[in-house]
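Written below as structure tokens is the structure these notes are about.
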Amino acid sequence: MRGRAMTAPSRCDNCLSNRVEQTQNDRVYGRAYGTWPEIYYCNDCGAYVGCHKKTLIPLGRMADGKTRALRVKAHAAFDPLWQSGSMSRTKAYLQLSRKLGIDIKDCHIAMLSDAQLQTVILIYQDNDGTDSTDVI
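For the sequence shown, this note's numbering gives the first residue as 148, with consecutive numbering after it.
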């Protein structure tokens with residue numbers, strides 16, 4: 148499963164400010180973190196997104212603390228579906244894309260809006276590795 152290639156943000160996905168800069172994650176964490184510290188950071192609201200290793204390609208959409216917390220909850224609700232082995236990761240994301248009504252290439256937790264993340268949490272919050280609401 149491969150998503151669409153993201154481009155460097157010229158506007159913040161959170162507050163729509165154009166005061167976004169490419170910098171390093173010590174700006175957020177107080178020290179360099181990980182093996183590839185490159186991020187895009189919004190100087191107005193503090194939202195940020197990391198970059199794919201050895202590139203300046205964003206990993207997803209810029210996020211503030213609320214969105215990052217929703218992403219953690221969405222992963223916790225959704226990931227057991229494919230981690231349990233009941234279906235492949237690709238098939239699980241295909242199912243999710245259909246439930247959200249979006250293209251599979253846009254279906255990645257880091258690319259979803261807050262409203263979409265809340266929908267993922269509602270759909271899969273009681274997930275035990277199976278999903279009785281949809282069979283593919």
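Every residue gets a Cβ at the ideal spot worked out from N, C-alpha and C, and that includes glycine.
Identify every residue that forms a DSSP beta bridge with residue i.
{"i": "C198", "result": "P205"}
{"i": "A210", "result": "Y195"}
Does DSSP classify residue i as helix, strand or coil?
{"i": "T170", "result": "strand"}
{"i": "Y187", "result": "strand"}
{"i": "F155", "result": "Position check: residue 155 holds Ala in this sequence, whereas Phe was assumed. In this structure, A155 counts as coil in the three-state DSSP scheme."}
{"i": "T266", "result": "helix"}
{"i": "I249", "result": "coil"}
Assuming residue i and residue j are in contact, meaning their beta carbons sit under 8 Å apart, how far apart are those beta carbons, in whole angstroms?
{"i": "V167", "j": "C198", "result": "That pair is no contact at about 13 Å."}
{"i": "A223", "j": "L264", "result": "Wrong, their Cβ atoms sit about 11 Å apart, outside the cutoff."}
Going straight from the alpha carbon of residue i to that of residue j, what length do you get?
{"i": "N165", "j": "S157", "result": "6 Å"}
{"i": "R236", "j": "R178", "result": "33 Å"}
{"i": "A239", "j": "I256", "result": "12 Å"}
{"i": "L217", "j": "I204", "result": "22 Å"}
{"i": "P227", "j": "T170", "result": "34 Å"}
{"i": "Y254", "j": "M209", "result": "The residue asked about is misnamed: residue 254 is Cys in this sequence, not Tyr. Roughly 16 Å separates the two Cα atoms."}
{"i": "T202", "j": "T182", "result": "12 Å"}
With a threshold of 8 Å between beta carbons, is residue i in contact with chain C?
{"i": "I270", "result": "Within the model displayed, chain C is absent; a lone protein chain is all it includes."}
TODO: Taking 8 Å as the threshold, find out whether the segment 191-199 comes into contact with the segment 159-166 through three or more Cβ pairs.
DONE: The segment 191-199 vs the segment 159-166: in contact.
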